[in-house]
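K.L.:
Converting from the sequence shown to my numbering requires adding 444 to each position, the first position being numbered 1.
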Amino acid sequence: DQLSCPGLFNQNKMKRERPFPFEALRVALVTQLQKGHASVTADRRHILNSIVGAEHLDAEPPVEHERYERLNELLAGRFADAGWRNALESGKDMIDFGKALLLSSLQELRLCFDGCKGQLCVELLMASLPSTLLLLNLDFTKTSFSDTDLQTVGSALPLRLKLLHLDLSGTHVTDAGIYSFSPKLSGLFALEE
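Written out as structure tokens, the structure reads:
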């Protein structure tokens, strides 16, 4: 269970995401469902009309609609979540991943950096968090994560955030870093060690 054992959940999520091809992730960040194809034309019409809430599924669906955009942004955000670590470790440009995450309206985000070497791009990650986020689970186990990174996290937590789980095992965070971070947690609904 992801709440009772977040470390195991994070490890399993990371293992599932690691083999996903980077170029497929990059394409997924800009995919537009309304421009997709289906093997049966009627299926495409029905799917798009269902997305927009049309009364008649057999009608010609609109070319553009705000519901398409919301769903495209949500899916892009999920792919940004799934590909964040792969892109980071590959040294890829993270800007498109950040934009997708920011626009996604995700309410939950779980990223595992356990054992990740090199730059963690904490500033970009925190600047990319959607304001809709309610649950944030970040696993920085055995990384170069530092007191400065912890301050960056603390200064950029979304206002609506209710649950934060940070795994800082084996990082460079000191007691002083934890002490200066703790006042930033006063608005959270639940706090875990």
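The beta-carbon is built from N, C-alpha and C at its ideal position, and this holds for glycine as well. Predicted model, so just to flag it, every value in this text is computed and none were measured.
Where does the unbroken beta strand (DSSP E) through L608 begin, and where does it stop?
P.N.:
Within the sequence shown, numbered from 1, the residue matching residue 608 stands at position 164. Here the beta strand (DSSP E) through L608 covers L607 to D611.
K.L.:
Under 7 Å from any heavy atom of the ligand GDP, does the C-beta of V507 make it?
P.N.:
This structure lacks the ligand GDP; in fact it carries no ligand of any kind.
K.L.:
Using 8 Å as the cut-off, can you tell me whether the region 583 to 591 makes contact with the region 558 to 569, which would need three or more C-beta pairs spanning the two stretches below that distance?
P.N.:
yes
K.L.:
Please state whether DSSP places E552 in a helix, a strand or coil.
P.N.:
For the purposes of this step, residue 552 is taken as residue 108 along the sequence shown, with counting starting at 1. Residue state, collapsed to three classes: strand.
K.L.:
Could you tell me which uninterrupted alpha helix (DSSP H) segments, each at least 4 residues in length, are contained entirely in the region 502 to 568, listed from first to last along the chain?
P.N.:
Qualifying alpha helix (DSSP H) stretches, in chain order: 510 to 533 and 539 to 547.
K.L.:
Just to confirm, are E499 and Q478 a CB contact at a threshold of 8 Å?
P.N.:
Your numbering for residue 499 matches position 55 in the sequence shown. Your numbering for residue 478 matches position 34 in the sequence shown. For E499 and Q478, no; Cβs fall outside 8 Å.
K.L.:
Tell me the rounded alpha-carbon separation between E504 and A544.
P.N.:
Taking the first residue of the sequence shown as position 1, residue 504 is located at position 60. Taking the first residue of the sequence shown as position 1, residue 544 is located at position 100. Answer to the nearest angstrom: the Cα atoms are 29 Å apart.
K.L.:
Please return the same chain residues whose Cβ sits closer than 8 Å to the Cβ of V496, not counting the five positions on each side in sequence.
P.N.:
In the sequence shown, residue 496 corresponds to position 52, counting from 1. Closer than 8 Å at Cβ, skipping near neighbours: P505, P506, H509, R511 and Y512.
K.L.:
To the nearest angstrom, report how far apart S599 and L568 are at their CA atoms.
P.N.:
Position 155 of the sequence shown holds residue 599. Position 124 of the sequence shown holds residue 568. The alpha-carbon atoms of S599 and L568 are separated by roughly 13 Å.
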